[in-house]
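Participant: Residue numbers (the working numbering), protein chains in the order written: chain D, 1 to 135; chain R, 1001 to 1135.
Glycine included, each C-beta is placed from N, C-alpha and C at the ideal position.
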DNA sequence: AACACTATGTAATAATATAACATTTATAAG
DNA sequence: CTTATAAATGTTATATTATTACATAGTGTT
Ligand SMILES: [Zn+2]
Ligand SMILES: [Zn+2]
Ligand SMILES: [Zn+2]
Ligand SMILES: [Zn+2]
């Protein structure tokens, strides 16, 4: 009765867990060096330790990278089934970022065909505008 | 009979023109320091000169930034009316990037409402997959 | 034990981007 | 033409983001 693959995917390593916890409790996307600064008291001293954990967390879908901001947020789509099909809204004033989980949007994009008839299961969409508070 | 705003927008400054020409004739997205290296013979010596021209060219829609690659490509949608509503396909093997101009897609995204009923006229969408050649 | 795989630690460096300040050129008005 | 203003340029230094390279340690399997 060993650890199944699914269980294993949920078990983060020490550094991964420290960094995930920080991102997960943050109300806003965090940048790599902000993360580094905030976990130094926990013994993570070098950029590479942060980037390695971030890479893994992105890969398994626990966090997403906001490409236009070089920052990272935790996934809140019930541990995202769509780690590779992401959509966000970004406020251009306060920089608030919200992950969009819309079945309609996912479906539309997953079924979208380019002019060669090609479909793409992996995508990243960033919407820009003003959030409720900033309007 | 002065120069109209439209004419003006088409007149790039010296540095802008040099850098646009380079990007425009490139078959693939170019990175800022690749651009810098390639325009040094034309007298552009510093990163900032490149970044300033890039900023302006992006602003007026002559080029687009591929956020996930930190690289720039020329717009080929007849001098993009949609400088702020962009979509690309990116090959994960050969890194070929193609701008997608689909009326259906633009329309869908421009009309998309998030769960607060908010619409976004500005967005960037990056699809990932394998290009024809790499499949 | 032997092996493969994943994660960690550390130092150095590469790649990407901006701040600050001085000067020049282009455009518009009076 | 002159003055005012905005846009663009030139230059140096520095900030920010990310990776290479190499050594070590843990984890699970056979
Ligand atoms: Zn998610
Ligand atoms: Zn806001
Ligand atoms: Zn375009
Ligand atoms: Zn390809």
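Can a CB atom of chain D be found closer than 8 Å to the CB of residue 1051/R?
Facilitator: No, because no Cβ of chain D sits closer than 8 Å to the Cβ of residue 1051/R.
Participant: Return the residues of the region 108-119 of chain D that lie within a Cβ-Cβ distance of less than 7 Å from chain R, sorted by chain order.
Facilitator: Under the 7 Å Cβ criterion, the region 108-119 of chain D contributes 108, 112, 114, 116, 118.
Participant: Are the CB atoms of residue 75/D and residue 134/D nearer to each other than 8 Å?
Facilitator: Taking 8 Å as the Cβ cut-off, residue 75/D and residue 134/D do not qualify as a contacting pair.
Participant: Excluding the 5 residues flanking residue 119/D on each side, which residues of the same chain have their C-beta closer than 6 Å to its C-beta?
Facilitator: Here the set comprises 113.
Participant: Work out the CA separation of residue 22/D and residue 42/D for me, nearest whole Å.
Facilitator: Computed Cα separation, rounded: 11 Å.
Participant: CB-CB under 7 Å to residue 100/D, same chain, minus the five flanking residues each way: which ones, in chain order?
Facilitator: Closer than 7 Å at the Cβ level, and outside the excluded window around residue 100/D, lie 87, 88, 89.
Participant: With distances taken from CA atoms, which of 50/D, 129/D, 106/D, 17/D is nearest residue 77/D?
Facilitator: Out of 50/D, 129/D, 106/D, 17/D, 106/D has the C-alpha closest to the C-alpha of residue 77/D.
Participant: Could you tell me the alpha carbon to alpha carbon distance between residue 1001/R and residue 127/D, rounded to whole angstroms?
Facilitator: With a pLDDT of 28 at residue 1001/R, under the threshold of 50, the modelled position of this residue cannot be trusted, and the question is left open.
Participant: What is the DSSP secondary structure of residue 85/D, reduced to helix, strand or coil?
Facilitator: Residue 85/D falls in the strand class under three-state DSSP.
Participant: I want to check one thing, is the minimum distance from the CB of residue 138/D to the heavy atoms of ligand 2 below 7 Å?
Facilitator: In this structure chain D extends from 1 to 135, so residue 138/D is not present and cannot be described.
Participant: Just list the beta strand (DSSP E) runs in the region 1085-1124 of chain R, keeping only unbroken ones of 3 residues or longer that don't cross its boundaries, in chain order.
Facilitator: DSSP runs (the beta strand (DSSP E)) wholly in the region 1085-1124 of chain R: 1085-1091, 1097-1099.
Participant: Going straight from the alpha carbon of residue 1103/R to that of residue 11/D, what length do you get?
Facilitator: Near 44 Å, if we compare the C-alpha coordinates of residue 11/D and residue 1103/R.
Participant: Determine which residues share a DSSP beta bridge with residue 30/D and list them.
Facilitator: Its beta-bridge partners are 72/D.
Participant: On the DSSP bridge assignment, give the partners of residue 129/D in chain order.
Facilitator: Beta-bridge pairing links residue 129/D to 91/D.
Participant: Would you say the beta carbon of residue 86/D comes nearer than 7 Å to a heavy atom of ligand 1?
Facilitator: Within the cutoff, so yes.
Participant: Given this structure, state the Cα-to-Cα distance separating residue 121/D from residue 1085/R, to the nearest angstrom.
Facilitator: Distance between the alpha carbons of residue 121/D and residue 1085/R: 20 Å.
Participant: May I ask you to list the residues that DSSP assigns as paired with residue 65/D?
Facilitator: Answer is 72/D.
Participant: Hey, could you find the ends of the alpha helix (DSSP H) residue 48/D is sitting in?
Facilitator: Element bounds for residue 48/D: 47-59.
Participant: Would residue 15/D pass as a contact of residue 71/D if the rule is Cβ separation under 8 Å?
Facilitator: No, the pair does not count as a contact, with Cβ atoms beyond the cut-off.
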